[in-house]
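Residue numbers (my numbering), protein chains in the order written: chain A, 3 to 337; chain B, 3 to 337. Ideal placement from N, C-alpha and C gives every residue a C-beta, glycine not left out.
2 protein chains.
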Amino acid sequence: MITIYDIAEKAGVSAMTVSRVINNTGRISEATRKRVRKVMEDLHYIPNSMARSLVLQKTKILSLLITDITNPFYTTLARGAEDAAKRAGYRLLFANSDEDYAKEKDYVDMILSTRVDGVLFAPTGDHSVENLEQLQKRNIPFVVLDREIPGIEADVVLGDSKEGARKLVEHLIGLGHRRIAMINGSQDVSTARLRYTGYCEAHLLNGLSVDDSQVAHLNYRDFHDESALDALLNLEDPPTAIFAANNMLAVGVIQSLRLRGLQVPDDLSVVCFDDFGPSGAISPFLTLASQPAYQFGLLGMQMLIERIEGEAVHENRKIILPSEMIIRASTQALK
Amino acid sequence: MITIYDIAEKAGVSAMTVSRVINNTGRISEATRKRVRKVMEDLHYIPNSMARSLVLQKTKILSLLITDITNPFYTTLARGAEDAAKRAGYRLLFANSDEDYAKEKDYVDMILSTRVDGVLFAPTGDHSVENLEQLQKRNIPFVVLDREIPGIEADVVLGDSKEGARKLVEHLIGLGHRRIAMINGSQDVSTARLRYTGYCEAHLLNGLSVDDSQVAHLNYRDFHDESALDALLNLEDPPTAIFAANNMLAVGVIQSLRLRGLQVPDDLSVVCFDDFGPSGAISPFLTLASQPAYQFGLLGMQMLIERIEGEAVHENRKIILPSEMIIRASTQALK
DNA sequence: TAATTTTGAGTTATCGGTAACACCCATTTT
DNA sequence: AAAATGGGTGTTACCGATAACTCAAAATTA
């Protein structure tokens, strides 16, 4: 590997002069500057960012921790984050917790050991508070994405889970549905709680009562446990519509319904949160509340970089991004 | 930040002893080992991987460079790569070139400056040869994914583009289609060339001739330029079926056809390469050649890690993974 | 012309670890 | 009893860069 010392020797200057040329600091005569530049190019010199990080105490690496890389919401978010990071000259260390607290913890350790300059953190749930406290304890700036964590004061970018849920459920009510089931994520996750609240509000605002036997609390990431759906369908008064709390759950619900010979929307209407990215465009089917995923990543990353580079330690900011209800073919009026 | 020197002082030993405890090297009495461990825990010590990397000349970071993070093929691949990397104790530095050579080059510079131990490299196309040569020049091990690069000798994981394409087109021929258009990626990309070859072979094997006016060479990533589709549809003999060379192109094709009031498969049949991941399961619609994306990432990463850790410099390996044709609703017999 | 300032460098210490070697003391061997 | 062995630990140098300081020569000023 070529170091500044190699450059220095070849150019007949000291290492410090080379360093100055690289960083455009100090005073260097145009002649030596040119000479050093030439040698650097000839030798295809690339600075060792480890060494630089060690002395500067910053790495120019940011970490993005998401909970499900197979979910288009998060990959779109990742693109937003990546674009903002790249623009500001940061590299991205990428991690995917799979909605798994243990994996999340492992990654936090990695992050700490890598001494990244900041973390864009989509937590798996409320218990992530411990991992976030690790970051706080070591003064690593972070911005929380998508899910609010009780007990953590930080910049945060959220969606309007309650409003979005209310609108979706009111859409179903408007179509005449009265028994609307909800397949929710874990109650450990703020968005799941808020979407449930929105679901309840929609009922109450329309003079309907909430029947908790119509509500199942599962996990956002997958829909392996079909017994919840079985239970719903075997109710005395089975639902005529289902609100899936996110896109992945909706996929599971629709697949399961299909296996049972039930058609959407003929037999049941289905709505959910979050769109499916480009690949969802093949057959835009689901009525859903679409969140601006790219903006989540972009704004979150911008806030993070401001935190890192800005001197003023301003108040914590909370950005709430609206969702847009898109009515498509998965819902229809109750017959 | 807490360093080994802090630990050493508190434990009444030298820094070297702390280092030995951390790495389980050398001889340490059980008593001091315990004492040092205790202090490390009390102080929540986490090693500085930058400092360690600097002296060890290795970072335990691998880089994964993909070309489209919004494509489920690559995100699934990423999960495979991540799983394999994590199992072997490596972190992943993640990069997304967006099928853009300039971005790819930027990321290669970042990779070089980060001194990663190896790169899992899905190239944008043949011109990536320069970027790969950069890695070779600096002795950074890499494995090439998905696309073969002429002039580069390396381990590589590929799909069976030719075979897959042939099967898809023969499926269409079997359904009676005779004018089959192809919307292809750039000819600068090996998979696009091979898929075209497969397309031609299917024709020739079935006594049909290839009409190159039915073939458009675009870009894998997006389908902004609709003039190619216009040209096809305005032919004297317009196609009755379209072979899109990958999933993203298929999305574009189907959207465009829909805008033009054409129905799939009633007006045209459509097939493509690569499935859509979990989100595609809502309405499994497209007949396609599904590639084992997770395996691409997993096997590629395993090979990479072997290269890095294994002493034997064995021959370059080329793994070709088969694709599976899945017949769904986007194709039907010619009326 | 002498004093002062500016310019363009070089020197040294340091970031947080680890390799290689040195060293002491308690056993064991001769 | 002297020599050899080896377990347990400390010292020193170094990885590749940069901050802070120093300093000589040139340019400017008095």
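Item: Check whether the Cβ of B:P49 lies closer than 9 Å to any Cβ atom in chain A.; Value: yes
Item: Alpha carbon to alpha carbon, how far is B:T116 from A:F225? Give it in angstroms, no decimals.; Value: 39 Å
Item: Would you say B:Q257 faces chain A, with C-beta separation under 9 Å as the test?; Value: yes
Item: Can you tell me which of B:R319, B:M18, B:H46 and B:I113 puts its alpha carbon nearest to the alpha carbon of A:R140?; Value: B:H46
Item: For chain B, find out if any of its Cβ atoms is closer than 9 Å to the Cβ of A:N73; answer yes or no.; Value: yes
Item: Is it the case that the Cβ atoms of B:N249 and B:N133 are separated by a distance below 9 Å?; Value: no
Item: Since B:A13 is in the beta strand (DSSP E), which residue starts that stretch and which ends it?; Value: No beta strand (DSSP E) holds B:A13; the alpha helix (DSSP H) holding it covers I6 to A13.
Item: On the criterion of 16 or more Cβ atoms from any shown chain inside 10 Å, does A:E43 qualify as buried, or is it exposed?; Value: exposed
Item: Comparing alpha-carbon positions, which option in A:D232, A:V158 and A:E317 lies nearest A:G254?; Value: A:D232
Item: Tell me whether the stretch 93–109 of chain B and the stretch 60–75 of chain B touch, counting them as touching only if at least three CB pairs, one residue from each stretch, are closer than 8 Å.; Value: yes
Item: Is it the case that the Cβ atoms of B:L137 and B:V159 are separated by a distance below 9 Å?; Value: no
Item: I want to verify the contact list: residues of chain B whose CB lies under 9 Å from the CB of A:E101, in sequence order.; Value: Going along chain B, no residue has its Cβ under 9 Å from A:E101, so there is no contact; the nearest lies around 13 Å.
Item: I need the straight-line Cα distance from A:S215 to A:E238, nearest angstrom please.; Value: 11 Å
Item: Please report the Cβ distance between A:K169 and A:A291, rounded to the nearest whole angstrom; I am assuming they are in contact, meaning their Cβ atoms lie under 8 Å.; Value: 7 Å
Item: Roughly how many angstroms separate the alpha carbons of B:N221 and B:Y198, rounded to a whole number?; Value: 14 Å
Item: By the 10 Å Cβ neighbour count, where 16 or more other Cβ atoms means buried, how is B:E33 classified, buried or exposed?; Value: In the sequence as presented, Glu is not what sits at residue 33 of chain B; that position holds Ala. Exposed: under 16 other Cβ atoms inside 10 Å.
Item: Less than 8 Å between the CB atoms is what I'm expecting for A:I182 and A:L174, so what's the real figure, rounded?; Value: 5 Å
Item: If we cut at 9 Å on Cβ distances, does A:Q59 have a partner in chain B?; Value: yes
Item: Do A:A87 and A:I307 come within 9 Å of each other at the CB atom, strictly closer than that value?; Value: yes
Item: Which stretch, first to last residue, makes up the alpha helix (DSSP H) that contains A:F298?; Value: A295 to E311
Item: If we call anything under 9 Å between Cβ atoms a contact, is B:G302 one with B:D157?; Value: yes
Item: Under the three-state reduction of DSSP, which class applies to A:L174: helix, strand or coil?; Value: helix
Item: I want to verify the contact list: residues of chain B whose CB lies under 7 Å from the CB of A:P280, in sequence order.; Value: T72, M250 and V253
Item: Check each residue of the stretch 30–55 of chain A: if its Cβ is closer than 8 Å to any Cβ of chain B, include it; give the result in chain order.; Value: H46, I48, P49, N50, S51, M52, A53 and S55
Item: Note down the Cα distance separating A:Y103 from B:R260, rounded to an integer number of angstroms.; Value: 43 Å
Item: Below 7 Å between beta carbons is the criterion; list the residues of the stretch 78–109 of chain B that meet it against any residue of chain A, in chain order.; Value: T78, A80, R81, E84, R93, L94, L95, F96 and N98
Item: On the three-state DSSP scale, how would you describe A:K2?; Value: Outside the modelled stretch of chain A, which goes from 3 to 337, sits residue 2 of chain A, for which no answer is possible.
Item: Might you give, ordered along the chain, the residues of its own chain that have their beta carbon closer than 8 Å to the beta carbon of A:L206, omitting 5 neighbours on each side?; Value: V212
Item: Looking at chain B, which residues of the stretch 279–301 of chain A have a Cβ within less than 8 Å of any of its Cβ atoms?; Value: G279, P280, S281, G282, A283, I284, S285, F287 and L288
Item: Taking just the CA atoms, how far does A:R330 sit from B:D269?; Value: 22 Å
Item: Run through the DSSP bridge pairs and tell me what A:G120 is partnered with.; Value: A:L64
Item: Using beta-carbon positions only, say whether A:I24 and A:I6 come within less than 9 Å of one another.; Value: yes
Item: What is the residue span of the beta strand (DSSP E) that B:L160 lies within?; Value: D157 to G161
Item: Since A:A283 contacts A:L79 with CB under 8 Å, what's their CB separation in whole angstroms?; Value: With 8 Å as the limit, A:A283 and A:L79 do not qualify as a contact, their Cβ atoms being about 18 Å apart.
Item: According to the Cβ coordinates, are A:S332 and A:S271 closer than 9 Å?; Value: yes
Item: List the residues of chain B whose Cβ lies closer than 7 Å to the Cβ of A:M112, in chain order.; Value: R93
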